Amino acid sequence: MFSGKDNSSFGWDEHRQMVVAEDAVWNSYIIASQFKHRSFPYYNQLTSIYVKDRATRKDAQTTVDIVKEIDDEDVATANNLEEG
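To convert, take the position in the sequence shown, counting from 1, and add 781; that gives our numbering.
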């Protein structure tokens, strides 16, 4: 979930759907400590939309682009089912 220099101490608990880290790590990240006991129940669904967040410049996509792409794929799949 977290990447980059000095963020390797954070992890993800799939069962509880929350960010996990040792207390010392939370204490060193004052701003992030608000998430210590907070779950993210829609994490998996949100990653479907935002997983391409590492793209830059010409390859970058907005959420509108991604939703349109998903809709286009759904239409293509429906058309294939009707034909076949």
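Ideal Cβ positions, reconstructed from N, Cα and C, are used throughout, including at glycine. Source: prediction; values computed, not measured.
Item	Value
Take F816 as the anchor and find which of R797, Q826, E863 has the nearest alpha-carbon.	R797
Within this structure, are the beta carbons of F791 and V806 separated by less than 8 Å?	yes
Taking only the alpha-carbon atoms, compute the straight-line gap between L862 and V801 and give it to the nearest angstrom.	43 Å
Leaving out five residues on either side along the sequence, give the residues of the same chain with a beta carbon under 8 Å from the beta carbon of S814.	W807, N808
In terms of DSSP beta bridges, what is V856 paired with?	Per DSSP, none; premise fails for V856.
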